[in-house]
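Working notes, structure below.
2 protein chains.
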Amino acid sequence: MEEIHRPTLEERAAECEREQTLSCTVAYDGAPFAGFAKQPGQLTVQGELEGALALLFRRPVDVVCAGRTDAGVHARGQVVSFEVDGDELRGRSLHNLRRSLNALTREGIVVRSVDERPRGFSARFDAQWREYRYFLATGDTPPVFTERTAWYVGPNLDIAAMERGAAHLIGEHDFKSFCMAASAVGKPTCRNVSEISIASEEILGEPHRVITVRGNAFLHSMVRTIVGTLAMVGRGQRDPDWVAEVLAARDRQAAGENAPAKGLVFWSVAY
Amino acid sequence: MEEIHRPTLEERAAECEREQTLSCTVAYDGAPFAGFAKQPGQLTVQGELEGALALLFRRPVDVVCAGRTDAGVHARGQVVSFEVDGDELRGRSLHNLRRSLNALTREGIVVRSVDERPRGFSARFDAQWREYRYFLATGDTPPVFTERTAWYVGPNLDIAAMERGAAHLIGEHDFKSFCMAASAVGKPTCRNVSEISIASEEILGEPHRVITVRGNAFLHSMVRTIVGTLAMVGRGQRDPDWVAEVLAARDRQAAGENAPAKGLVFWSVAY
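Those protein sequences? They're chains A and B, same order as listed. For the first sequence, position 221 (counting from the first letter as 1) is numbered 221 according to the UniProt record's numbering, and the numbering increases by one without interruption. For the second sequence, position 86 (counting from the first letter as 1) is numbered 86 according to the UniProt record's numbering, and the numbering increases by one without interruption.
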């Protein structure tokens, strides 16, 4: 029987020294997933990533993400962070780690890069701002090539009115009206939105409007509710100033419907 | 028993007068289809369109297309023409016709417009030139959002070399080397290619190169063979001048592999 080795203080300190924080930048097609966050018995992005990391490191690995995207929401630049022991990386470049993760995760998830971060880095708490983009298909007829990544709203949106409506949301506000009621109970609902802009973009020859929303952090379904609310303004169903009333109401019932998940892409995060 | 009415000469002339030629501009996602051309027991774009027209007009309708796209090839601006009797259009605007066709065809086909054309117009024979675009995904890692509409070739293509290779193909040439052998037997294989250009395009945040190929007409799988051949040049597997040798060989064996169907979009037709 082998003698049990009790680590000395020096050995323990060295072990801490070896701990490293890594992050992955991850893109995914949200369609097949029940959202980012792990749920028992469901296909989730977190489940897939943690499953692949567990296979690689032969132990459970917990990841922290920059944004818990809902079912059906896509990501271009989701970021997840996790801790590894220096020994676990021995002989593995970050590039090889990326390749292994891509081999172990299913189609529809792509790990864009694996990066070293300062020790203790958190993809969630260290984010300075997050950017989402929402794709509206605005042709005469529905899109063929972005059927899975855009909401078809037709050609007659009043973009100037939407921009005037959006201006009411810029800055630090209580966005309770733009949050799914159930998840808002008893939690702070103030957020700081620094940009909402609307650009024209032709995608594979089909006309689109892209709404960029940037802020320090977002409530549950906040971007989709902002887009659904602005769409009502764009269609002339409400005046631009109605958006200020929605904001002031602090009541989800006051806002427009949630825009469909499939048009939303979690675009990027700044640290 | 009703007396049979034999049309007078005047009546027959009037009937001819009432004949009209219409065209549809059609977009489709090629993935589910066994190509454009009708084949018994297969899902085809022609089969879908003629089926919808037959339901609308309560008789068989034959369509003529600008380009018989292969299985898996997409279209943004396919054009089909067909004949109707003026009586059949009574009370139907072209706009309503478009709406009915879109209601009667399956998801993945969208009729962009229905237009009146000069009597006897042929989508095939009256085309001045046709344009195809081929989408190459060129990121470090495979694309998530264009997985169905682009060929992933990675980031290291030598675009200048591809452009030098492509220059050999501009003009009137015998493109037999760029044609599927079986379909070339005994048929003319001269075509006039007026443009091959390569542009950068970011699609849903992912980097792509788009090869535009314009010509008077195209042989079976000609664009895909051109792209496959240029890809070998771009990867450094062949010199740009090799493309001239391929052309001169008049032998399909001389050329590169067919690029995958999913990256090809039949973009537009000029009349």
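For every residue, glycine included, the Cβ atom is placed at its ideal position computed from N, Cα and C. Keep in mind it's a predicted model, so treat the numbers as computed, not measured.
On the CB-based measure, 16 or more other CB atoms within 10 Å of its CB, does residue i come out buried or exposed?
i, result
"Cys190 of chain B", "exposed"
"Arg176 of chain A", "Looking at the sequence shown, residue 176 of chain A is not Arg but Lys. By the 10 Å Cβ count, Lys176 of chain A comes out buried."
"Phe125 of chain A", "exposed"
"Glu2 of chain B", "Note on Glu2 of chain B: pLDDT 48, under 50, position unreliable in the model; the coordinate value appears next. Counting Cβ neighbours within 10 Å, Glu2 of chain B comes out exposed, since fewer than 16 surround it."
"Ala167 of chain B", "exposed"
"Gln78 of chain B", "buried"
"Gly154 of chain B", "exposed"
"Leu55 of chain B", "exposed"
"Thr8 of chain A", "exposed"
"Pro188 of chain B", "exposed"
"Ile170 of chain B", "exposed"
"Asp241 of chain A", "exposed"
"Phe121 of chain A", "buried"
"Ala75 of chain B", "buried"
"Gly30 of chain A", "buried"
"Val144 of chain B", "buried"
"Arg133 of chain B", "buried"
"Glu10 of chain A", "exposed"
Can you tell which of the options has the C-alpha that lies nearest to the C-alpha of residue i?
i, options, result
"Thr146 of chain B", "B:Gly263, B:Arg124, B:Ile198, B:Ala270", "B:Gly263"
"Ile159 of chain A", "A:Gly186, A:Val111, A:Arg209", "A:Arg209"
"Phe135 of chain B", "B:Glu48, B:Glu202, B:Thr8, B:Val111", "B:Glu202"
"Leu104 of chain B", "B:Ala31, B:Glu48, B:Glu116", "B:Glu48"
"Ala254 of chain B", "B:Val269, B:Glu163, B:Ser194, B:Gly228", "B:Gly228"
"Arg18 of chain A", "A:Glu116, A:His220, A:Asp29", "A:Glu116"
"Phe266 of chain B", "B:Pro32, B:Phe57, B:Arg68, B:Gln20", "B:Arg68"
"Val213 of chain A", "A:Ile226, A:Gly256, A:Glu206", "A:Ile226"
"Ala27 of chain A", "A:Ile198, A:Val243, A:Arg106, A:Thr138", "A:Arg106"
"Glu88 of chain A", "A:Leu22, A:Pro40, A:Trp151", "A:Leu22"
"Ala261 of chain A", "A:Glu50, A:Arg235, A:Met162, A:Arg148", "A:Arg148"
"Glu50 of chain A", "A:Tyr132, A:Val193, A:Met232, A:Val61", "A:Val61"
"Arg98 of chain A", "B:Trp151, B:Pro142, B:Val84, B:Arg98", "B:Pro142"
"Ala217 of chain A", "A:Val144, A:Gly108, A:His173, A:Val73", "A:His173"
"Pro32 of chain A", "A:Ala199, A:Glu195, A:Ile211, A:Gly108", "A:Gly108"
"Asn192 of chain A", "A:Ala34, A:Gly215, A:Glu206", "A:Gly215"
Please list the partners that residue i has in chain B, where partner means a Cβ-to-Cβ separation under 8 Å.
i, result
"Trp267 of chain A", "Gly205"
In chain B, what lies closer than 7 Å to residue i by C-beta?
i, result
"Val110 of chain A", "Thr141, Pro142, Val144"
In the DSSP output, what is residue i paired with across the bridge?
i, result
"Val210 of chain A", "A:Phe135, A:Ala199"
"Ala75 of chain A", "A:Tyr28, A:Phe266"
"Tyr152 of chain A", "A:Ala137"
"Asp115 of chain A", "A:Ser23"
"Cys190 of chain B", "B:Asp174"
"Ile109 of chain B", "B:Tyr28"
"Arg130 of chain B", "B:Gly215, B:Val269"
"Val84 of chain A", "A:Gln20"
"Cys65 of chain A", "A:Val80"
Residue i touches chain A at which residues, Cβ-Cβ below 8 Å?
i, result
"Tyr132 of chain B", "In chain order: nothing, as chain A lies at least about 12 Å away."
Name the chain B residues that come within less than 9 Å of residue i, Cβ to Cβ?
i, result
"Asp29 of chain A", "Val144, Phe145, Glu147"
"residue 355 of chain A", "It is not possible to answer for residue 355 of chain A, since the shown part of chain A is limited to 1 through 271."
Could you name the residues of chain A that residue i contacts, counting a contact when the two beta carbons are closer than 9 Å?
i, result
"Arg124 of chain B", "The premise fails here: Arg124 of chain B is roughly 22 Å from chain A at the closest Cβ pair, so nothing lies under 9 Å."
"Arg76 of chain B", "Val144, Phe145, Leu204, Gly205, Glu206"
Using a Cβ-Cβ cutoff of less than 6 Å, which residues in the same chain neighbour residue i once the five nearest sequence positions on both sides are dropped?
i, result
"Gln46 of chain A", "Phe36, Ala37, Lys38"
"Cys24 of chain B", "Val80, Val111, Val114"
"Gly165 of chain A", "Leu230, Val233, Pro240, Val243"
"Val73 of chain A", "Gly30, Ala261, Leu264"
Excluding sequence positions up to five away, which residues of its chain have a Cβ less than 8 Å from the Cβ of residue i?
i, result
"Asp140 of chain B", "Gly154, Pro155"
"Asp85 of chain B", "Glu15, Arg18, Glu19, Gln20"
"Leu101 of chain A", "Cys24, Leu49, Ala52, Leu53, Leu56, Val111, Val114"
"Val185 of chain B", "none"
"Gln237 of chain B", "none"
"Glu245 of chain B", "Ala254"
Looking only at its chain, what residues have a beta carbon closer than 7 Å to the beta carbon of residue i, apart from the 5 residues adjacent to it on each side?
i, result
"Ala66 of chain B", "Gln78, Val79, Ala123, Arg124, Ala127, Arg130, Val269"
"Phe178 of chain B", "Leu219, Met222, Thr225, Ile226, Ala255"
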